[in-house]
Every structure is written in structure tokens, then in C-alpha cells.
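Input: a single structure, listed below in C-alpha cells.
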Amino acid sequence: MENEMTNETTRMPLIGDRAPEFRAMTTMGKVNFPDDYKGSWVILFSHPADFTPVCTTEFITFARMADEFAAMNVKLIGLSIDSVHSHLAWAKSIENIAWKGEPVELPFPIIADISMNVAKKYGMLQTVAKTQTIRAVFIIDPEGIIRTILYYPMSTGRNMDEIKRIIQSLQKHDEDNVSTPADWRPGDPVVMGAPLTLAEAKERVENPAEGTKPYDWYLTFKE
């Protein structure tokens, strides 16, 4: 009787998928993800390694914006293939760095992923050595669904304002069932869905509703 060999494969999660589950130790204790974060938006982000220059600037920026994200019902959680002790030492070091202002404390947990279990589940291992996580960002909604995936090269720091803008756009979509145009900011006009019938398309252009501005039958902005 022949032995059957099976290979374990991990598919990278996609937008619309349920966030892969995991249990891990962090700098703030154990976490059961995403159950512990149900009801909140989450920014799950990875960095190549502790004590690296670009990552340090990102963590400082995230720390400074933590209150802004909290006001939007957003929680932050970082990750890299380092130990809890390494994370703690790096976090303490960051508290002494006065970059673009006064030093800050990290108010969010950092996942220790020595086993690479989480990194593999989320497709964060894309470097040649396979021993460092790339700069991945997963925006996960209060129901545990992945809504946005961003990947940055290891040499490029993330744009935190854009990450915040994406969440604002997603929340606006969920609230009002509208889309947001290029470079949209809160308070700007939004985009209505395109008509699905000829009659609706004609009505949209010839008799636009109050507060709307049609540029063509398929492109209508709304205040």
C-alpha cells in the first residue's frame, strides 16, 4: 500500500474573506483574533523586523495617531517574526526617540510570531529569505471581514493618512451606501451607484435630484 503524501498550502486571504483566526502572545498579553476585536475596525500591520529604521518611524506615527483611530472605532495591532522580549526592548527604545516631536509610548500590542504561523496565514512572507514579513496592512471590519489589503516594499514607509482615509471611506460606504471618488476626503461629494435601467438613466440626467450633480448618466455626485 502506497503512502499518500499531502502538502499543506496556505492561500493568501482576499478582500471579502473572513480574517484568518489565530491565537498569539503580544506585548500586551494573549490575543484571540479576531474574536477579541469583534465590534471594532482593526488595522493589522506587519513590519520586517524590530529595531529597523523605517519601521520605527511607522510605529511612532501610528502611536501619535492612535487617538484619532480610536475615535473612529479602530484598533491597531502590529506583527513581526520576533519574540515578545525583542518587541518589548524595541518599544522601550522608541519611547526615547524624539522624531518629529516628543517621544511616544506604543499604545497598541505587537504580535510575537516566531513560528511564522500568522505571517503565513496572511501571506506576509514575500521576501527571498522568507524570514521577514513585508509591510502588509489588513483593514478588517467589525464583523471580522477583510475590507482592504495593502502591501508596501520593505524600503518604503506607509502613508498613515491614506490608511485613515481608506477607513473613513469604508465607513461612509457602509453608512450611506455610496462610493467615494479619487482623492475623496470627509465632507467632499460622494458618488452614487450607476443606474440599472434606461428609464433611471434618463431620469438621473434630465431630472437630477436635489443635491446631486450628474456629469453623465453613469457618473453622478451627491453632496
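So in our numbering, the last spot in the sequence shown is 208, and the numbers never skip. All C-beta atoms in this analysis are idealised placements derived from N, C-alpha and C, irrespective of residue type, glycine included.
Rounded straight-line distance, which links the Cα of residue j to that of residue i
i           : j           : result
residue 25  : residue 191 : 42 angstroms
residue 67  : residue 135 : 22 angstroms
residue 61  : residue 19  : 12 angstroms
residue 47  : residue 84  : 13 angstroms
residue 82  : residue 89  : 8 angstroms
residue 182 : residue 188 : 10 angstroms
residue 194 : residue 159 : 22 angstroms
residue 12  : residue 151 : 27 angstroms
residue 139 : residue 172 : 34 angstroms
residue 167 : residue 154 : 11 angstroms
residue 142 : residue 196 : 39 angstroms
residue 14  : residue 147 : 29 angstroms
residue 22  : residue 170 : 27 angstroms
residue 175 : residue 165 : 5 angstroms
Where the alpha helix (DSSP H) containing residue i begins and where it ends
i           : result
residue 41  : 38 to 49
residue 164 : Counting along the chain, residue 164 falls outside any alpha helix (DSSP H), and DSSP gives it neither H nor E.
residue 61  : Note, residue 61: premise wrong, no alpha helix (DSSP H); beta strand (DSSP E) at 59 to 65.
residue 110 : No alpha helix (DSSP H) contains residue 110, which DSSP labels as neither H nor E.
Host beta strand (DSSP E) of residue i (start-end)
i           : result
residue 31  : 26 to 31
residue 0   : First-last for residue 0: undefined, no H or E at that position.
residue 204 : 204 to 207
Same chain only: Cβ atoms within 8 angstroms of residue i, ignoring 5 sequence neighbours per side
i           : result
residue 233 : In this structure the chain extends from -14 to 208, so residue 233 is not present and cannot be described.
residue 109 : 31, 64, 103, 118, 119 and 121
residue 2   : 130 and 131
Residues near residue i by beta carbon distance below 6 angstroms, same chain, minus five either side
i          : result
residue 27 : 60 and 125
residue 36 : 75
Checklist entry - Counting only runs that start and end within the segment 120 to 173, where is the beta strand (DSSP E) found for 3 or more residues in a row? => result 120 to 125 and 131 to 137
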